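>
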Ligand code: PFF
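Take a look at the structure:
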């Protein structure tokens, strides 16, 4: 028996959940990060390991998160409180809700700044700033942008306002409507880019780069990076998916829904890779392993050399912003839901308050690229520090705790009941993987990530 939703709002149908969760999962991680880390790790073999990680770690933990959310039917903080009370678990497990809340705030603070870069690129593309430029000039354009503190603040502000506006509007009107509109647009834009890259890029080389498995190029760090990324790309460990799970209709199948979301997320990442690499290979002198700069420095060279570069380049950065937008919404929603639920705030005030705090924190990231670039702690700028803290420490920790909580603390009957496991063959398999595969796998990412960083 599932918890009664009472008068708690739920999505209009399973597909709204799927679109919203996909909107959360698909973001800068797919379009900016996946291609560049695949590029750095030599392509194919990395992609294969990444897919295995999605399957073995990402999907089971995601099922656990959605299940907790739907069972609790509150914001993650209160969901964890309700469930720990329900099953008589020790009080400190409640901290999981808080942990996710804190990570979401930290992640959103820099996510918004990077999404702001993509926003800034849309007018640049439109005025043809990249037409006919070489890689050195795009790097100069990018560096000039990073130096311009006020411009970064402006776009960071615009992005936070866009995010806050949707979250303010609330679950069904705001999130649901945004998901229904944004996700299909994203897909259409990706298909257009794929078709373009098929006709104008070196499609065969791009394809073989991403899908021919050369294991000699794969390192142990690459395997761990793939695991960590599988985690980030599915939005796990921050309560985002848990919060959306709370809005899921009681009769929808969590297993099928999660499989659909993970599949869509993976397809978008692969589509982004297949849109990017053929263009990279068709324009000589562009290094697929260029790193984080790949999207902002390297790709505009390709757009600048194309006939329809202004249009295609503009479309591409609109696509990046749309993807980042729906992810950012899911990072803000859990905190707002909690304030609105517990502290007597209305959604507007709650959103305004949190968005302001996150915006202020984001200024640290903005300044890391200019005024504060020289201020480093343990070799890290403010931005590097927040990125390190969230992706290397807090996210894996949070996911590890979720796997342990659902796999080992919660009685099996709870998840069996919520997942309709009585007559399912998938349930025992999921439960086994969650108990015996996920904790050690995530634990290794955490330990090796930290060891690697401090050694
Ligand atoms: N999954 C997003 C991406 O791949 O860009 C990042 C993210 C969004 C992480 C929302 C966590 C989250 F709650």
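Numbering (this note's numbering), first residue to last: 936 to 1390.
Each residue gets a CB set at the ideal place from its N, CA and C atoms; glycine is no exception.
Keep in mind that this is a model prediction, so the values were computed, not measured.
(1) Would you mind sorting residue 1263 into buried or exposed? The rule is 16 or more other CB atoms within 10 Å of its CB.
(2) How many angstroms separate the CA atom of residue 1381 from the CA atom of residue 1285?
(3) Considering only heavy atoms of ligand 1, does any lie closer than 7 Å to the CB of residue 1121?
(4) Have a look at the DSSP bridge pairing and note the partners of residue 1312.
(5) Do residue 1052 and residue 1080 count as a contact pair if the criterion is CB distance below 8 Å?
(6) Do you know offhand how far residue 1375's Cα is from residue 1200's?
(7) Taking residue 1013 as part of the alpha helix (DSSP H), name the residues at either end of that continuous run.
(8) Ligand 1 heavy atoms versus the CB of residue 876: any closer than 7 Å?
(9) Ligand 1 and residue 1167: does the residue's C-beta get closer than 7 Å to at least one heavy atom of that ligand?
(10) Does the beta-carbon of residue 1069 have 16 or more other beta-carbons within 10 angstroms, so that it is buried, or is it exposed?
(11) Answer yes if the stretch 1141 to 1159 comes into contact with the stretch 1359 to 1368, meaning at least three C-beta pairs across the two stretches below 8 Å, and no otherwise.
(12) My guess is that residue 1255 and residue 1024 are in contact by the Cβ rule of under 8 Å, so how many angstroms apart are they, rounded?
(13) Kindly list the residues whose CB is nearer than 7 Å to the CB of residue 1055, restricted to its own chain and excluding five residues on each side of it in sequence; keep chain order.
(14) Is residue 1044 near ligand 1, in the sense that its beta carbon is under 7 Å from a heavy atom of that ligand?
(15) For residue 1136, name the three-state secondary structure that DSSP assigns.
(16) So is residue 1312 buried or exposed if we call it buried at 16+ other beta carbons inside 10 Å?
(17) Between which two residues does the alpha helix (DSSP H) carrying residue 1366 extend?
(18) Would you mind sorting residue 1010 into buried or exposed? The rule is 16 or more other CB atoms within 10 Å of its CB.
The answer reads as follows:
(1) buried
(2) 33 Å
(3) no
(4) 1315
(5) yes
(6) 24 Å
(7) 1011 to 1022
(8) Look at the range of the chain in this structure, 936 to 1390, and you will see that residue 876 is not part of it.
(9) yes
(10) exposed
(11) no
(12) Actually they are not in contact, since the Cβ atoms of residue 1255 and residue 1024 sit about 41 Å apart, beyond 8 Å.
(13) 1080, 1086 and 1090
(14) no
(15) coil
(16) exposed
(17) 1361 to 1371
(18) buried
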